[in-house]
Structure formats: structure tokens, C-alpha cells
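Presented below is the structure to which this report refers.
Numbering (our numbering), first residue to last: -7 to 129.
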């Protein structure tokens, strides 16, 4: 137990955050799905300030940003860069590979030399699946 004055004070005193649940938020705060209140300016900043990503779900991206499927916004230059910048790989799902490369099962591109070489170049490890034989190094 904690003293009443430490309940709903925007400070998490209990490990499970129960001292901050079901509190009313101030006018300049955002109420997280888990009941926490955070300052409005922390919403849509690309960081999980709530602990459940609810402060990042209802954000509109600028025209210079890519809207991830999970609601996050990333720089347009991060789309199709063979890295999961969104955290759900939605920025890599509909990307074309250059003519000298082939697509991994989920995302990313590899050369034919990288397929069945005993090393995982694809994030999903699809480059080493269904190999009848491995290439010699």
C-alpha cells in the first residue's frame, strides 16, 4: 500500500502502475489506453511514452513521412531501406527489388549468391529455406 497522496500524482509508485490507473487526466494531458496520463506534447513523438503505444496510434503523418500500419510515422527516406523502421515491417512490405536481386519472403532483397549459402541475409531467414544443397564458400 502507498499513501493516498501518492495515488494519481503522475508518478508510478507501484510496479504494475495501479496507483495511476483510473485517474482523471488534466486538460493538457493524454489518457493512455492503460489509464496513465502523460503530457499532450509526448503524443505522436515516435516514442512509447504510455508503455502500450497508445500515445502513438492516432497520429497523422506529415507529407514528408510514411504512415506505418501500426500508426507510427517514419521519414519517407526510411521506406524500402531493407530495415524494419516501423516495428511491424509495414515500411518494407511493398517494395520492389533491383533487377539483380530477388525478394525475401517478407521483406528485403538478396542476390542469388546469398541464397542457400548457409548465412541468413533475410530477416525472416527465407534465403536458407528449402535448400537442396548449400553453396561452397
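All residues carry an ideal CB built from backbone N, CA and C; glycine is no exception.
- Counting of Cβ neighbours within 10 angstroms places residue -3 among the exposed residues, the total staying below 16.
- Counting only residues of its own chain and dropping the five nearest sequence neighbours on each side, residue 87 has a CB closer than 6 Å to the CB of 72.
- Sequence-distant partners of residue 41 (beyond 5 residues in either direction) whose C-beta falls short of 6 Å from its own C-beta, in its chain, are 30, 34 and 47.
- Between residue 1 and residue 20, the CB-CB gap reaches or exceeds 8 Å.
- In the structure shown, the three-state DSSP call for residue 23 is strand.
- For residue 57, the enclosing beta strand (DSSP E) covers residues 57 to 59.
- Residue burial annotation: residue 16 is exposed, with fewer than 16 other C-beta atoms found within 10 angstroms of its C-beta.
- Using a 10 angstroms sphere on the CB of residue 82, the tally of other CB atoms reaches 16 or more, which defines it as buried.
- Per DSSP, the unbroken beta strand (DSSP E) holding residue 67 starts and ends at 65 to 67.
- Per DSSP, the unbroken beta strand (DSSP E) holding residue 29 starts and ends at 29 to 31.
- DSSP, read as helix, strand or coil, puts residue 70 in helix.
- In chain order, 108 place their CB closer than 6 Å to the CB of residue 123, counting only its own chain and leaving out the 5 sequence neighbours on each side.
- Note: residue 95 is bridge-paired with 101 in the DSSP secondary-structure output.
- In this structure, residue 24 places its C-beta atom within 8 Å of the C-beta atom of residue 44.
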